[in-house]
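Using our numbering, you'd call the opening residue of the sequence shown number 34 and step up by one each time. Backbone N, C-alpha and C fix where the C-beta goes; we use that ideal spot for every residue, glycine too.
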Amino acid sequence: MHSAATLLEQHFQWLVDDNQQWQTLIHDDIVWDLPYAPSLGHPLQLDGREAVVRHANWFKGAVTHFRFFDIEVTASDDPHKAVARVRAEGRVPETGRIYQQEYVVFLTARDGRIAHLREYFDPVKAALAFDAPIAGVSAKRD
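Structure representation (structure tokens):
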């Protein structure tokens, strides 16, 4: 059985580099919360394996040469929970821009697999890289 901290490390290692291996880590009824994603027009929550895999595949196509680095995983007293702070970088072919991001990710494990992720990131950095508007934020200066 994998601890949550080990699963989180493997999540960063395989999400993009070996997506098939990463898919073995996720529970069939996984929930992935993305609290800031709606500001970019993406779902607040992904429910189930199909939705999560579809989103991961979209991201792999939308950001090339993506890599995680400066990974700091912290185990909790509960072996089913862990948190990480990680930086990442890639290129958005559609805009030609570099996507640089810092994430905070909370993971909950069940049955030795990832059952829940909650991912926080800076939507402004994402919007700039993707040349996307941010819902509720005007580009005009008064």
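Looking only at P166, D144 and H60, the smallest Cα-Cα distance to H35 is reached by D144.
CA-to-CA, the gap between V138 and D110 works out to about 17 Å. If only complete runs of 3 or more residues are kept, the stretch 63-99 shows the beta strand (DSSP E) at 78-80, in order along the chain. Under the DSSP assignment, T39 falls in the alpha helix (DSSP H) whose first and last residues are A37 to W47. The C-beta distance from A165 to L73 rounds to 6 Å, short enough to fall under 8 Å. Here the alpha carbon of F92 sits roughly 11 Å from the alpha carbon of H75.
When DSSP states are grouped into helix, strand and coil, F101 belongs to the strand group.
Straight-line measurement puts the Cα of F99 at about 11 Å from the Cα of Q46.
Taking all protein chains in view, the Cβ of V157 is surrounded by fewer than 16 other Cβ atoms within 10 Å, so the residue is classified as exposed.
Pairing A148 with H60 gives a Cβ-Cβ distance under 8 Å.
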